[in-house]
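Heads up: the sequence lines are chains R and H, in that order. Taking this note's numbering, the leading residue of the first sequence gets 3, the next gets one more, and so forth. Taking this note's numbering, the leading residue of the second sequence gets 657, the next gets one more, and so forth. Each residue gets a CB set at the ideal place from its N, CA and C atoms; glycine is no exception.
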Amino acid sequence: MEKPLTQHIKPNEPPMSLNEYEKVGGYKAMQRALKELQPKDVLKIISDSNLRGRGGAGFPTGMKWSFVPMGDNAPKEKYLVCNADEMEPGTFKDRLLLEGNPHQLIEGMIIAAFAIQANKGYIFLRWAYKTAAELILKSIAEAYNAGYLGKNILGTSYSFDLYLHTSVGRYMCGEETGLLNALEGKRATPRAKPPFPQVSGLFGKPTIVNNVETLSFVPHIVNNGAEWFKKLSLTGEGGTKIYGVSGKVKNPNTWELPLGTTMREIIFEHAGGMRDGLKLKGILPGGASTDFLTEEHLDVNMDFTSVGKVGSRLGTGTLIILDDKTCPVGMLHNLEHFFAQESCGWCTPCRDGLPWVEKILLSIEEGDGRMEDLDLLAYHSKELGPGRTFCALAPGAVEPLQSSLKYFREDYEMHIKNKRCPWR
Amino acid sequence: MLKTEEQKELEEELKLVPYKKAATIEALKVVQKHRGWVSDEGIKDIAEFLEITPDEVDGVATFYNMVFRREVGRHVILLCDSVSCYILGYRKIQEEINKKLKINFGETTSDGRFTMLPIPCLGTCDHAPALMIDNDLHRDLDSDKIDSILEAYK
Ligand SMILES: Cc1cc2nc3c(=O)[nH]c(=O)nc-3n(C[C@H](O)[C@H](O)[C@H](O)COP(=O)(O)O)c2cc1C
Ligand code: SF4
Ligand code: FES
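The following block contains the structure:
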């Protein structure tokens with residue numbers, strides 16, 4: 003089984019230096035792109051590969067890049083930003099790539115920046131990733147020394163400067179226009195779209211924001227071609243995926259597997275199944291902002307289309323497992339506390355609705371709930387859904403909520419009828 | 657006024673941005689690094705240096721959870737209170753710290769040694785529960801380990 007992203011990552015060992023990375027073929031794709039290909043050729047390879055963004059929404063990467071104005075009339079300044087904010091609860095996949103092989107990401111960024119002819123790039127990194135920050139700074143310095151970053155890379159006319167920016171916290175820094183505001187030194191509130199960042203982004207210039215995992219694929223696709231990439235997946239969507247599992251399983255961890263691997267294989271083979279004495283009760287397939295699935299969905303392929311068909315999202319591909327000894331209402335309260343706290347306050351439904359949801363859940367958890375509260379929660383699930391707010395935080399927040407009302411209704415009702423939490 | 661060291665560091669940052677105001681977050685980081693937290697005085701110093709109003713600086717400062725607008729202890733314990741750590745029992749860890757240090761979230765020990773704050777997911781959910789003290793990540797916590805972890809921070 004091919005594992006392009008993680009083939010050179012060894013657990014508990016420092017990542018490869020530039021020299022070591024070059025010995026295994028590193029920076030070859032970058033050299034080829036800059037010396038032999040035109041930006042439009044790179045764009046074509048990426049578009050043909052069907053690579054879809056790994057930041058959560060699955061937007062086709064080639065299509066995103068194609069919106070950037072090109073040619074002599076395009077703005078001179080353009081930016082490429084790597085989204086390494088990774089703050090969604092239950093998500094820890096980008097950390098693996100950042101700590102495991104920063105040169106792979108840097109190479110991917112140089113190629114991506116070349117394709118859109120951006121001369122400046124940022125890695126927007128979460129403050130908590132201290133080890134990654136050190137490794138990235140060291141790798142960027144090595145790449146400058148080798149002449150892979152800076153002016154006239156490899157003697158070509160192309161120049162690209164890359165900077166590390168570490169955030170000062172807040173989930174909204176991961177939302178791409180919030181991220182751009184943070185990079186400009188402002189509050190990380192999102193921007194109204196249009197204009198889209200591809201046309202008017204950082205400091206008003208065309209900007210592409212891509213996830214760590216997305217950009218890390220780029221050198222491999224340029225090296226091996228679009229057809230190779232498509233064949234990596236089990237279900238035709240293209241590529242591998244860094245999956246992860248957390249919760250009370252025997253072996254919580256991350257693995258690179260073909261996109262479309264079933265949940266059953268991920269949870270029971272790779273994560274070793276549930277800890278002794280526990281049963282699987284629910285699954286958040288792609289981080290905190292995805293709809294719950296249950297045991298009946300274990301044979302669903304973890305790709306964008308298949309998870310969508312059963313009413314949830316692939317999201318970040320990191321599964322959070324709810325076991326039968328953990329109270330689902332308590333878990334929901336914990337999730338909605340996070341979303342309420344991280345709301346940026348821009349839209350009324352999100353700013354006022356989420357704390358309300360949090361309070362209702364707390365009162366049910368404490369045994370003070372009423373049956374009507376379940377209708378209120380359902381009402382909020384609708385009113386905070388897609389299309390009513392500036393960004394996807396609120397719709398994401400109600401995904402686990404609406405699905406919990408569907409799958410764990412009896413548990414809610416038991417709390418209300420017995421006036422206490424059955425798990426306490 | 658910003659201290660000379662702070663000014664020097666900020667001058668470097670200013671080279672990377674098209675206009676001064678864009679360095680607001682970097683300025684907050686610099687001041688917090690040197691003073692441990694960002695006081696009203698710190699806000700005014702930054703505003704003066706960047707030629708914007710103190711309100712503009714404070715608007716940014718209060719948005720971000722890693723800018724401390726209140727004084728914190730010598731070491732800040734950031735305990736993850738997000739979902740995977742909830743499932744794996746961060747509350748027990750919180751209680752243990754509370755028992756040992758007599759502080760809850762948002763509080764500082766009377767000797768100024770520790771402040772404990774809740775923090776969203778530290779991105780190490782496969783090793784939940786987790787916490788950070790200063791720059792160090794501590795993972796796979798259980799109550800028994802807390803004593804020896806705290807011991808290292810004087
Ligand atoms: C509240 C919120 C937080 C987000 N956090 C992240 C994040 O930490 N990392 C990330 O890559 N994308 C995050 N996203 C998605 C980004 O907005 C954006 O879609 C993504 O970075 C695009 O990259 P991709 O096309 O490579 O997937 C977040 C979205 C929202 C609404
Ligand atoms: S949905 Fe929430 S987080 Fe997003 S812009 Fe509106 S208030 Fe801010
Ligand atoms: S939920 Fe605690 S580290 Fe992710």
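- Counting along the chain, the unbroken alpha helix (DSSP H) around residue 352 of chain R starts and ends at 350-367.
- Only residues of its own chain outside the window of five on either side were considered, and among them 177, 179, 180, 392, 393 have a CB closer than 6 Å to the CB of residue 192 of chain R, listed in chain order.
- Checking the 7 Å criterion, the Cβ of residue 308 of chain R is out of range of every heavy atom belonging to ligand 2.
- Taking 8 Å as the upper bound for CB-CB distance, residue 221 of chain R and residue 113 of chain R are in contact here, some 6 Å apart.
- Around the C-beta of residue 247 of chain R, 16 or more other C-beta atoms lie within 10 Å, and the residue is accordingly described as buried.
- Within 7 Å of the C-beta of residue 686 of chain H there is not a single heavy atom belonging to ligand 3.
- Secondary structure note for residue 147 of chain R: its alpha helix (DSSP H) is the uninterrupted segment 132-147.
- Near chain H, meaning a CB-to-CB distance below 9 Å, the residues of the region 315-327 of chain R are 320, 322, 323, 324, 325.
- For the region 390-416 of chain R, there are no residues whose beta carbon sits under 7 Å from a beta carbon of chain H.
- Within chain R, 170, 171, 172 have C-beta atoms less than 7 Å from the C-beta of residue 720 of chain H, given in sequence order.
- Here residue 341 of chain R is near residue 399 of chain R, since their CB atoms are less than 8 Å apart.
- Note on residue 785 of chain H: 16 or more other CB atoms within 10 angstroms of its CB, so buried under the neighbour-count rule.
- Its chain contains 679, 682, 683, 686 as the residues whose beta carbon lies nearer than 8 Å to that of residue 669 of chain H, once the 5 sequence neighbours on both sides are disregarded; these appear in chain order.
- At a cut-off of 8 Å between beta carbons, residue 782 of chain H contacts chain R.
- Against chain R, the CB of residue 670 of chain H has no partner CB under 8 Å away; the residue lies outside that interface.
- A Cβ-Cβ contact shorter than 8 Å links residue 146 of chain R with residue 152 of chain R.
- If you draw a straight line from the Cα of residue 131 of chain R to the Cα of residue 716 of chain H, it is about 22 Å long.
- As computed with DSSP, residue 258 of chain R is found in a beta bridge with R/244.
- Burial state of residue 252 of chain R is exposed, judged by a 10 Å Cβ sphere holding fewer than 16 other Cβ atoms.
- Within chain H, 779, 780 have C-beta atoms less than 9 Å from the C-beta of residue 97 of chain R, given in sequence order.
- Of all C-beta pairs linking the region 194-203 of chain R to the region 687-704 of chain H, fewer than three are shorter than 8 Å, placing the two stretches out of contact.
- A straight-line Cα-Cα distance of about 13 Å links residue 334 of chain R and residue 368 of chain R.
- Annotation for residue 382 of chain R: 355, 359 place their beta carbon closer than 6 Å to its own, counting only its chain and skipping 5 residues before and after.
- The DSSP-derived three-state label of residue 713 of chain H is helix.
- According to the DSSP assignment, residue 210 of chain R belongs to the beta strand (DSSP E) that extends over 209-213.
- Fewer than three pairs of CB atoms, one per stretch, sit closer than 8 Å, so the region 736-749 of chain H makes no contact with the region 699-707 of chain H.
- Of the residues R/23, R/389, R/315, R/403, the one whose Cα lies closest to the Cα of residue 349 of chain R is R/389.
- Using a 10 angstroms sphere on the CB of residue 804 of chain H, the tally of other CB atoms stays under 16, which defines it as exposed.
- At a C-beta separation below 8 Å, residue 89 of chain R has these neighbours in chain H: 776, 777, 779.
- Taking the C-beta atoms as reference points, residue 82 of chain R is found no nearer than 8 Å to residue 31 of chain R.
- Between residue 137 of chain R and the set R/157, R/111, R/121, R/166, the nearest pair of CA atoms involves R/166.
- Between ligand 2 and the CB of residue 192 of chain R, the shortest heavy atom gap is smaller than 7 Å.
- Taking all protein chains shown into account, residue 312 of chain R has fewer than 16 neighbouring C-beta atoms within 10 Å of its C-beta and is therefore exposed.
- Rounded to the nearest whole angstrom, the C-alpha separation of residue 726 of chain H and residue 71 of chain R is 45 Å.
- The beta carbon of residue 375 of chain R is closer than 8 Å to those of 362, 365, 366, 418 in its chain, skipping five residues each way along the sequence.
- For residue 163 of chain R, the secondary structure class from DSSP, reduced to helix, strand or coil, is strand.
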